[in-house]
Structure formats: structure tokens, C-alpha cells
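Worksheet: the structure to be examined is printed underneath.
Residue numbers (our numbering), protein chains in the order written: chain U, 28 to 364; chain B, 25 to 332.
As C-alpha cells, then:
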């Protein structure tokens, strides 16, 4: 097992290198120049100096290596320093990855500012969708082809067919504008320090969380249903029933536990995707999160922020793929490495 | 042995039985699924509407009539008008053409590429490891964020060299296609690997058939079912991705009214003119829903192993 995890981690490294190369080259070779947006009154030699100071006059592979050095060595050291208060080396003159638009602010700090909002909305909705969708999927399989199952299946197809930008606008229109029950804009500056602000926080979470949950639930629901259906057909379920075990034990112990193995992997695999998917929800409800940061950076041509956010998304994908693979092995004793 | 459609009975009379084909069987199976048939009907109706609609409903989607701005749906303007007084029914019909065209074109790219990679890695053991590693890596890319970045980086250049509409169309289609082929290549590879060991392929090898003809004659037709299912779902995914890009303002330029673009333009008028966003949103949802229902039906009909 340990050996398998080790090998799996080793294969993740080339994947990450490949992705970092793609992200770097994409932004590097793409048309567009960071000095293009500067005022025309800046003289040519100053423009050249600006490009030099950004390190743009060096060859591609040197810049890639420098970027890698910043990303994997400089930034983590800075993070460790910040957490522990220790001083490692020359921390004053360290070359951090700095945003081009918000002068002098390290990109990591920007991201850390935005992360809590994203985690609140995305994390809560993902948690809720797992909690709701798994029982629904099992029930659907239990009542296979009966009315409940049919309604449940149709609703889940509807759930992942309706784009979140449409359901988002619909719920804003109905619950925000017409009924006026919930705020339509997520207020990021709200500080939760009393019951009333807590209630406000919950109220403003309702719509975005509902939209995301409805969408994410669908896939988990369908997947759980098909996994449980497979298990209900197994011989050991018939044996369990023949032994006279009551239905609850048969379902919970023999079916649900076995069906959860693929579901856990799916849930782990889905986590990075929800950060990407939340980009839309964040735009609709004006949540000031990670996705909003990416969109803003794209619009203002802020290459370091785009590179870093993209790479963090990629690291999340690779990391949760790894988690999913390892979990699969841990949970399913039939899988041997 | 020759395939017989007639068999002699005890009385010596020859009973004609209806010839049954794979596709005929699939059709019978497909028809049993009411939701899938519903999906097929809706999809065909939508395609007919956007293809033939502009010839019947002859209103210019780009005509600005500022006197008629912001009108609610009525008999004169079935979907209402937008803030500039443009007729939204005409715009939705025209936008539907582009949205559906993007869906199908991106699907074709994804399928061609995915099938090629899948066939090669299933059939040529030397390439298998390399190609599958590549597929895994493509899977590990953060798709939506990368799509956003690529289209924002390249859109200006392409539009300048190829023109507003064509440039945006090619960019969106290629980018969506390049990120959509991986599931297909895995499915195809899996099917090829299992079919390769079947007796009839062995027989073909033994009679001296060349690799090429084995691949085209014996393997490809048998993977076709799974490819069609994947293709159907890919159309829905591509339409969804295009409208997401346009909704974030990064797909088509403002004078090309795709469904996603219309929705994006209407979101700022949500309180005063909700119909601007509502109808394109409804059409996108209806299309994707119809295709997904159809995909489920097709899966049951063509690919019984994956039946849910």
C-alpha cells in the first residue's frame, strides 16, 4: 500500500510539470504584451527598461525555470515564514510572484484573501449535495423503475442539464426580485460576530448554495443509483435476505457500504471541478472569490495572477485524482497493488 | 453459413420472418424509452426551427428600433424586444443556429480526435502507454479556467485575421473540441482491447487480412455504438461550454447573438426586462435536456453493457 502511494505520488510529478509547462507557455507565447496597456507617453527606452525589470528579455526556458523556482521554492518559503514567524535567509529581497495590477501585492496573498468566500459557498454546497444525493440515489435504486425512481431520475437529468447561469438568474428573479426573500448579491464584507449577522450570512448563502447544490447533486445522485443497482443484483444480497436479515440491515450493511466505494472516488474527483464550476456562480451572485479573481485577472491581463490561479486549480485536480486513487484502494479490498 | 431470413417449417411452408438488423433492434429499444423519444422530437423541432425559422419569420435580428425598446412578449414580438428594440425571437432563432452549429462542430472535432487516439492506442501496443499518459494529462488540466484563458488570449488575434464571426466560431469550436475528446478515446480504447481478442478478429488475422482492414471492417463498426453515445453527450457538453464562455463575455463578440451571449446581455436588465435572458436560457436548457434524454436512450439501445 505504502509503496503504491509512493509510486502514485511519483507519477503525479511529471503530470504537474507538464501542466505547469502548458500554462506557462500558453501565457508566454500568446499574443499580447504587458507593456501594451501603458500610456503612450512613456518613452521607448523606459518601456524597454520596464520589460527588462519584468524579466521579459530573457529566453523562454530561463523564464520558465525562474517561474518554477518562484512557485516551488520562493513562495513556499515565504508561506512557512509567515506561518512560523521564523526568518529563512534573505527574506527582504526575495523575489515573490507579484500581481501586475494591484501593485506589489504577492499573488498568494490575493488568493488567500479570496479563498474563504469560495470555500464558504462551494464547500457548503458540495457538502449538502453529497448529503442529499447519496440517500436519494440509494432510494432510487431500491425502488428501481417505480414512480419514485422515475421522478428522481428525471429530476437528476434536469439537474445537470440546466446550466447554473440559467438557474441562477431564475432564482434571483423569483426569490430575489419578485418575492424579495433573499439578497441577490453576496456581501463579502459581512463580518459574522452576532446572531443577526449570522442570520444574514445564512440568508445570503441560500441562493448561490441552492443553485450549486441542485447542479452537483444530479451527477452524484445518478452515480450512486447505478452503483447501488449493481449491488442489489448481487448474490450476497439475496443470501442476506434469505438468511432473514431485516431489510434495513441488508440495505445499509450490504448494499450501501459497497456502493459507496465508487461514490467516494467520484466525490473526491469532483472537488477540483467545483472550484472551476463555481466561477459562474460567483459571477452571477457577485461572490468575491477565487473564480472572480481569475476573471478579473484575465480581463486586466494580469499574467502572474492568471498563471498562479490556473496552476493552483491544476494542483487541486492532480491532488484529488491522487486522493481518489488511493481511497479506492483503501476502501475496496478487492483492489491489490 | 449464409444469413437466412426464411426458415422451413415442419409443414414445408416457408415462413418469411422480418429481417432484423442491429440498428433495427436499437431503434425498437430506443422507442420504448418515452423520455428519449421526447428528447429526439424536441431536438428535431429545435433544429428545424433554427434552420428554417429565419426564412419564415422574416425579421432582421440586427434591426434596431429604438421606439420599440424593452417591449414584453406580444403577438408582434413573440419573445419581446431588447434594450435597443431588436426583435428577440429573430435573435434567438439566429443565435440558435450558431449555438447548435458550435455544438455539432465541436463534437465532430472531439470525436475524430478521440476515436483516432482510442483506435491507435488500442491497436498499436507501442503507442498505447504514451497516448494514454497523454490522455490522463489532458484530463488533469483544469478545463473551464483554461478555456477562459485560451479564448481571451487568442480572440483578438483570430478575429482580426479571420473576421468577427468566423474567427470566434473557429476558436470556440477548436478549443471546446480539444478539451472534449478524452472520454471518447478511453471508451474506444477499452472497446478495441476487448474486441481485439474476439474470435472473428482472430479469424480475420488468420485469413491474412491487413491491420488496416481489420481496424476499419471489424473493430470500428463494433465500437460505433459507444462512439455515438459519447458523441450525443458531447454535443450537449459543447453547447453548454459555449454558452458558459459567452455568458462570461469570453465567447462570441457582441454582434453575434448566440444563446449564451443573449443571456449575458440580458442579465443586467433582469429586473426590468427578464424576457431577454429567460428565453435563451430556456432554449439552452431545453436543448441540453433533450440531448441528455436522448443520450440515455441511445446508451440503453446501442451499448447494453453500460445500461444504467
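From the three backbone atoms N, C-alpha and C, an ideal C-beta is built for every residue, glycine too.
Residues of chain U whose Cβ lies closer than 7 Å to the Cβ of residue 167 of chain B are, in chain order, 303.
Taking C-beta separations shorter than 6 Å and ignoring five residues to either side along the sequence, the partners of residue 309 of chain U in its chain run 316, 318, 319, following chain order.
Around the C-beta of residue 224 of chain U, fewer than 16 other C-beta atoms lie within 10 Å, and the residue is accordingly described as exposed. Residues of chain U whose Cβ lies closer than 8 Å to the Cβ of residue 264 of chain B are, in chain order, 190. Straight through space, the alpha carbons of residue 294 of chain U and residue 227 of chain U are spaced by roughly 30 Å.
The segment 96 to 106 of chain B and the segment 176 to 183 of chain B do not touch, with fewer than 3 CB-CB distances between them shorter than 8 Å. Interface criterion met: the Cβ of residue 325 of chain U is under 8 Å from a Cβ in chain B.
Residue 337 of chain U and residue 171 of chain U have their C-alpha atoms roughly 42 Å apart. Annotation: residue 167 of chain B to residue 265 of chain U spans about 43 Å, alpha carbon to alpha carbon.
Between residue 299 of chain U and residue 340 of chain U, the CB-CB gap stays under 8 Å. With the rule of 3 Cβ pairs closer than 8 Å, the segment 153 to 169 of chain B does not count as touching the segment 228 to 241 of chain B. The beta-carbon separation of residue 212 of chain B and residue 143 of chain B, rounded to 6 Å, stays under the 8 Å limit for a contact. From the beta-carbon of residue 86 of chain U, no residue of chain B is found nearer than 9 Å; the closest lies around 21 Å away. With a 10 Å radius around the Cβ and a threshold of 16 neighbouring Cβ atoms, residue 321 of chain U comes out buried. A contact between stretches requires three or more CB pairs, one per stretch, nearer than 8 Å, and the segment 187 to 201 of chain B meets this requirement with the segment 124 to 142 of chain B. Within the DSSP bridge table, the entry for residue 125 of chain U names U/133 as partners. The C-alpha of residue 253 of chain B lies about 19 Å from the C-alpha of residue 242 of chain B. Bridge partners of residue 111 of chain B according to DSSP: B/105. Between residue 165 of chain U and residue 286 of chain U a beta carbon distance of about 7 Å is seen, short of the 8 Å cut, so the two are scored as contacting. Within chain B, 157, 160, 161, 164 have C-beta atoms less than 9 Å from the C-beta of residue 42 of chain U, given in sequence order.
Residue burial is scored here from C-beta neighbours: residue 283 of chain B has at least 16 other C-beta atoms within 10 angstroms and is therefore classed as buried. Residue burial annotation: residue 297 of chain B is buried, with at least 16 other C-beta atoms found within 10 angstroms of its C-beta.
Cβ-Cβ separation between residue 77 of chain B and residue 117 of chain B: approximately 4 Å, consistent with a contact (criterion under 8 Å). Closest by C-alpha distance to residue 281 of chain U, out of U/256, U/296, U/331, U/51, is U/256. Sequence-distant Cβ neighbours of residue 219 of chain U in its own chain, meaning closer than 6 Å and more than five residues away, are 225, 228.
The beta-carbon separation of residue 64 of chain B and residue 318 of chain B, rounded to 5 Å, stays under the 8 Å limit for a contact. Distance between residue 276 of chain B and residue 302 of chain U, taken at the CA atoms: about 24 Å. Within the model, the alpha-carbon separation for residue 100 of chain U versus residue 182 of chain U is close to 48 Å. Considering only U/49, U/279, U/186, U/140, the residue with the shortest C-alpha distance to residue 165 of chain B is U/49. Proximity of chain B to residue 310 of chain U at the Cβ level (cut-off 7 Å) is accounted for by 272, in chain order.
Within 8 Å of the CB of residue 341 of chain U, the CB atoms of chain B belong to 164, 165, 166, in sequence order along the chain. Taking a Cβ-Cβ threshold of 7 Å, the residues of chain U close to residue 301 of chain B are 196, in chain order.
If you compare the alpha carbons of B/186, B/131, B/188, B/280 with that of residue 85 of chain B, the shortest gap goes to B/280. Contact fails between the segment 269 to 277 of chain U and the segment 152 to 165 of chain U, because fewer than three Cβ pairs, one in each stretch, are under 8 Å apart. Counting C-beta pairs closer than 8 Å gives fewer than three between the segment 348 to 360 of chain U and the segment 143 to 150 of chain U, which falls short of the contact rule.
Taking 4 residues as the shortest admissible run, the segment 294 to 320 of chain U contains no complete alpha helix (DSSP H) segment at all.
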